[in-house]
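Below is one structure, written out as structure tokens, with a few remarks after it.
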Amino acid sequence: MFKTVFTLFRGSVAAVEEELEDRSALLILDQQMRDAGAAVERSKRSLALAIAGDQQEGRRLDATNARIADLEVRATAALDGGREDLAREAAQAIANLEADRDAAMTARTLFA
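FYI, the numbering used here numbers position 52 of the sequence shown as 149, with every residue one higher than the one before it.
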């Protein structure tokens, strides 16, 4: 009889443990789902920021290339007009713009 009561007690404890495990598993699963949802939202925001940054760098790159082309035309005209001082200034400005262009291209590579 004592063995039967003890077996019944052990069975009850096992059932309670399983129930607690199941309840805990659902709580853990629910929390993991909330965490995953939050991670997806953070990823979406990061992606949107990266896309916006890439587009901004693209516009900056286009503007820089246009300014370089314009300065090259002006530098050539200055040389043709005998104004080496203006051509030298244009060449320095072009070198600075080329550094900006390279930085924008590097940034776009990072965003990609």
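Cβ coordinates follow ideal geometry from the N, Cα and C atoms, glycine included.
query: Are there three or more Cβ pairs, one per stretch, closer than 8 Å when the region 152–163 is compared with the region 196–207?
result: yes
- prompt: Which class does Met98 belong to by DSSP, given the choice of helix, strand or coil?
  reply: coil
message: Could you check whether the Cβ of Ala122 sits closer than 8 Å to any Cβ belonging to chain B?
response: Of the protein chains in this structure there is only one, and it is not chain B.
Neighbourhood of Thr206 by C-beta, 8 Å cutoff - its chain only, sequence neighbours within 5 removed: none
message: Check this for me: beta carbons of Leu176 and Ile191, under 8 Å apart or not?
response: no
C-beta contact flag for Ala149 and Ala172 at 8 Å: no
Sequence-distant residues of the same chain with beta carbon closer than 7 Å to Gly179, five excluded per side: none
message: Please report the straight-line C-alpha distance between Met98 and Val137, rounded to a whole angstrom.
response: 58 Å
field: Sequence-distant residues of its chain with Cβ nearer than 6 Å to Gly108 (five each side left out)
entry: none
query: What did DSSP end up calling Asp157 once you bin it into helix, strand or coil?
result: Reading the sequence as shown, one finds Arg at residue 157 and not Asp. Reduced to three states, the DSSP call for Arg157 is helix.
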